[in-house]
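K.L.:
Please find one structure pasted underneath; my questions will follow.
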Amino acid sequence: MVDLLATFAEITGATYADDAGEDSFSMLSLFQGRPGRRNDLIHHSGLGYYSIRKGDWKLLFCNHPGGFF
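What follows is the structure, encoded as structure tokens:
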């Protein structure tokens, strides 16, 4: 899933309610070649594995032995 609410709102100058897209971040700066605003990410694979990335660190949650792969 791609988060586009905040990006489109920033491009168009639109506003939205505080409870709409509360975790939405604009990606406009990335499209303009500037650094992104979001440093923390949650990854989810199609197999149901999750990870959290913060800066140079990544925490993996796996439901089976042997790691992420």
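Each residue of the sequence shown is one higher than the one before, counting from 2 in our numbering.
Cβ atoms here follow ideal geometry from the backbone N, Cα and C, with glycine treated the same way.
DSSP state of residue 5, grouped into three classes?
P.N.:
Against the sequence shown, residue 5 aligns to sequence position 4. It is coil, neither helix nor strand.
K.L.:
Any Cβ of chain B within less than 8 angstroms of the Cβ of residue 46?
P.N.:
Judged by its chain identifiers, the structure shown contains no chain B, having just a single protein chain.
K.L.:
Among 50, 41, 36, 48, which one has its Cα closest to the Cα of residue 57?
P.N.:
Indexing the sequence shown from 1 puts residue 57 at position 56. Residue 57 has its Cα closest to that of 41, out of 50, 41, 36, 48.
K.L.:
Cβ atoms of residue 38 and residue 30: under 8 angstroms apart, would you say?
P.N.:
Within the sequence shown, the letter at position 29 stands for residue 30. Within the sequence shown, the letter at position 37 stands for residue 38. Yes, Cβ-Cβ distance for residue 30 and residue 38 is below 8 angstroms.
K.L.:
Taking the C-alpha atoms as reference points, what is the distance between residue 33 and residue 12?
P.N.:
If you number the sequence shown from 1, residue 33 lands on position 32. If you number the sequence shown from 1, residue 12 lands on position 11. Looking at the two C-alpha atoms, the distance is approximately 11 angstroms.
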